[in-house]
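According to the numbering used here, the residues represented by the sequence shown are 42 to 525, in order.
Ideal placement from N, C-alpha and C gives every residue a C-beta, glycine not left out.
Just so you know, these numbers come straight off a predicted model, no measurement behind them.
Remarks on the structure that follows.
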Amino acid sequence: MSAVGRIRSGAGLAVCVIWLLPGCSTWPIPGFSARPAWELPPPAVSEAPVVKPGSLQRARLDNGLEILVLEDHRLPLVSLGLSFRRGEAMLAPEDAGLASFTAELLERGAGGRDANEFAEYVDEIGASFGGAAGWDSLSVGVSGLSRDLDRLFEVLADGTLRPHFEAEEAERARAERLAALERAKDDPATLASWYTARALYAGHRYGTPLSGDAESVARLDAARARALHQRVFVPNDAIFYASGDVTAKDIIARVRAHFAKWPRGEPSPTGPPPPLRTPEQRRILIVDRPDLGQARIAVAHEGLSRTDEDRLAASLMNLVVGGSGFSSRLMTSLRSEQGLTYGVYSGYRLRRQPGPFVVSTFTRVPEVRRTLDLLLGELERGLEEPPGEDELVWARSLATGRFSMGLETSSAVMNGLVDLEIYDLPRDSLDTYRSRVRALTEADSARAARLYLHPERVAIVLVGPAEALLPQVEDLGPVEVVVP
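Spelled out as structure tokens, the structure:
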């Protein structure tokens, strides 16, 4: 969201709060309407191409390294990086966290500089450098002022090709990660996320947190990170990207100077697909936290993949059901009408292999069963009463508006372009997104609901006091109680 959008949203919220205070007088609020969102006319959406003609250039080195350059000279800023088409999903569950651990160690010493010297070398020019791993990719990037392009390239090349993987730094990073995992156990939302993944994907990499669990993290060390780096960091499985105040000719020449001698390698397998994980019946897992007065609720089943042909139809349907915040059916029912929660959200976790569909919320412990009944009822309604055209008009507008706001900078556009390459999606997908969303019909939404909503076959994860929760849900299906 833009700064203006944030200010307007915040101001609108403040006015509404003051307006509803007891004893305050009321007055007309410009732009405010009590009508449902889907009855309001949709805002205008820009039809300008996402990628301005002539601003994007592509090239490829002899070693297979792909190059994307997006020129944007409005500000003297530049972002450079490399993304690899392998991430945490390539690993076995017992190796969970190794890809993100390896990416983190890229920041802790490289080239001729130890961890402190490397950090100072980056900080001297006000730049930022870092590595990260998701389920399906591992990336390393640097950003700063375009006048410092020489140093930015040096930092990126050292961090990518010549990381130190020092044992002492690896031990420190592992200890920090273990401490973070221990702290995360205090967060009910995190516990719900962990145990939802375990309930759906036990035995597969998706069943363990992205950054690993205590058992897998305890096994991480410098030698294993170095081995993964050698296996994954090959140019013929990578995308170099640059965006900002640069020229394609200059960037391609610099990439050739720094990375042309990087030898090709054999890309690693992406990892096995998970077996079908939608439960045959409703199953309940209670994570016992006797100290909680509010229970965290997650309802989940298998969803769809990032490349599934129905992903747009399913995403649009989900906006109406629970993915759009205050205007969704779930929020209207659970919050606005019943006052059971402050928030409820549903969404598909799109990955190379089918990820989960998850509905998450929280409520007072005595209200868990009533909340679950309403939640499951809204999912069933999604099947029996798929979104109508009035709801879809609003959902299309919301989807295209969010899309446009998410691509306001050249670096955001580049992230979208790299994402298309990672998942081997059509290169014009960004420019055709809005027209494809507008073309979706009621029939498309109904089909997506039939295929990708399974309220009768879900895993239900509850985080709270088992003694109070068990009597409320034991008639819904088999119940398991665990201690975190």
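Residue i versus the options, residue with shortest Cα-Cα distance
i: residue 500; options: 365, 344, 167; result: 344
i: residue 304; options: 329, 295, 277; result: 277
i: residue 357; options: 387, 341, 375, 373; result: 387
i: residue 378; options: 310, 411, 391; result: 411
i: residue 519; options: 157, 154, 325; result: 325
i: residue 133; options: 400, 405, 244, 352; result: 244
i: residue 280; options: 100, 90, 492, 490; result: 100
i: residue 252; options: 263, 222, 266; result: 222
i: residue 147; options: 183, 118, 127; result: 183
i: residue 526; options: 119, 434, 372, 90; result: Missing from the structure shown is residue 526; the chain here goes from 42 to 525 and no further.
i: residue 507; options: 103, 400, 327; result: 327
i: residue 394; options: 467, 403, 315; result: 315
i: residue 105; options: 438, 445, 494, 275; result: 275
i: residue 329; options: 181, 523, 212; result: 523
i: residue 109; options: 283, 437, 248, 89; result: 283
i: residue 98; options: 417, 445, 291, 490; result: 291
i: residue 250; options: 406, 396, 322, 444; result: 396
i: residue 443; options: 374, 380, 475, 391; result: 475
i: residue 205; options: 408, 151, 510, 169; result: 151
i: residue 111; options: 265, 174, 255, 289; result: 289
i: residue 526; options: 418, 350, 408; result: A query on residue 526 cannot be resolved here, the shown segment of the chain reaching from 42 to 525 and no further.
i: residue 96; options: 401, 515, 511, 452; result: 452
i: residue 235; options: 429, 496, 401; result: 401
i: residue 212; options: 418, 149, 115, 93; result: 149
i: residue 512; options: 201, 471, 406, 431; result: 406
i: residue 415; options: 141, 370, 219, 142; result: 370
i: residue 455; options: 232, 94, 266, 121; result: 121
i: residue 264; options: 516, 208, 219; result: 208
Opposing strand residues paired with residue i [DSSP bridges]
i: residue 397; result: 343
i: residue 404; result: 336
i: residue 98; result: 110
i: residue 501; result: 325, 340
i: residue 521; result: 326
Residue i - DSSP class collapsed to helix/strand/coil
i: residue 49; result: Any reading at residue 49 is ruled out, since the residue's pLDDT is 32, under 50, leaving its predicted position unreliable.
i: residue 421; result: helix
i: residue 206; result: coil
i: residue 120; result: strand
i: residue 125; result: strand
i: residue 386; result: strand
i: residue 464; result: coil
i: residue 221; result: helix
i: residue 68; result: Note that residue 68 has pLDDT 34, beneath the 50 cutoff, so the model's placement of it is unreliable and the number below is only indicative. Residue state, collapsed to three classes: coil.
i: residue 91; result: coil
i: residue 512; result: helix
i: residue 73; result: With a pLDDT of 39 at residue 73, under the threshold of 50, the predicted position of this residue should be treated as unreliable, though the coordinate-derived value follows. Coil.
i: residue 369; result: coil
i: residue 62; result: Residue placement at residue 62 is flagged as unreliable, the pLDDT there being 32, under the threshold of 50; the coordinate-derived value follows with that caveat. Note: residue 62 maps to coil in three-state DSSP.
i: residue 104; result: coil
i: residue 450; result: coil
i: residue 441; result: helix
i: residue 392; result: coil
i: residue 429; result: coil
i: residue 44; result: With a pLDDT of only 38 at residue 44, under the threshold of 50, the placement of this residue in the model should not be trusted; the figure read from the coordinates follows. Of the three classes helix, strand and coil, the one that applies to residue 44 here is helix, per DSSP.
i: residue 469; result: coil
i: residue 482; result: coil
i: residue 133; result: coil
i: residue 380; result: coil
i: residue 115; result: coil
i: residue 458; result: helix
i: residue 409; result: helix
Any non-hydrogen atom of the ligand NAD within 8 Å of residue i CB
i: residue 241; result: What this structure holds is no ligand at all, so the ligand NAD is not there to describe.
9 Å Cβ cutoff, residue i in contact with chain D
i: residue 135; result: The chain inventory of the structure shown lacks chain D, comprising one protein chain alone.
Exercise. Write down every uninterrupted run of the beta strand (DSSP E) in the stretch 279-352 whose length is 3 residues or greater and which is fully enclosed by it, in chain order.
Key: 279-285, 324-329, 335-343
Quiz item: Would you say the stretch 325-335 touches the stretch 479-487, given that touching needs at least three Cβ pairs under 8 Å?
Solution: no
Quiz prompt | Those runs of the alpha helix (DSSP H) which lie wholly inside the stretch 135-203 and span at least 4 residues | solution = 139-146, 156-164, 190-202
Quiz item: Can we say the stretch 495-515 touches the stretch 160-180, given the rule of at least three CB pairs closer than 8 Å?
Solution: Short answer: they don't touch.
Quiz item: Are three or more beta carbon pairs between the stretch 298-317 and the stretch 136-148 nearer than 8 Å?
Solution: no
Quiz prompt | Sequence ranges, alpha helix (DSSP H) only - wholly within the stretch 212-278, length at least 4 | solution = 229-242, 255-258, 263-273
Quiz item: How about the stretch 459-467 and the stretch 419-429: do they share at least three Cβ pairs that are nearer than 8 Å?
Solution: no
Quiz item: Is the stretch 360-368 touching the stretch 337-351, taking contact as three or more C-beta pairs under 8 Å?
Solution: no
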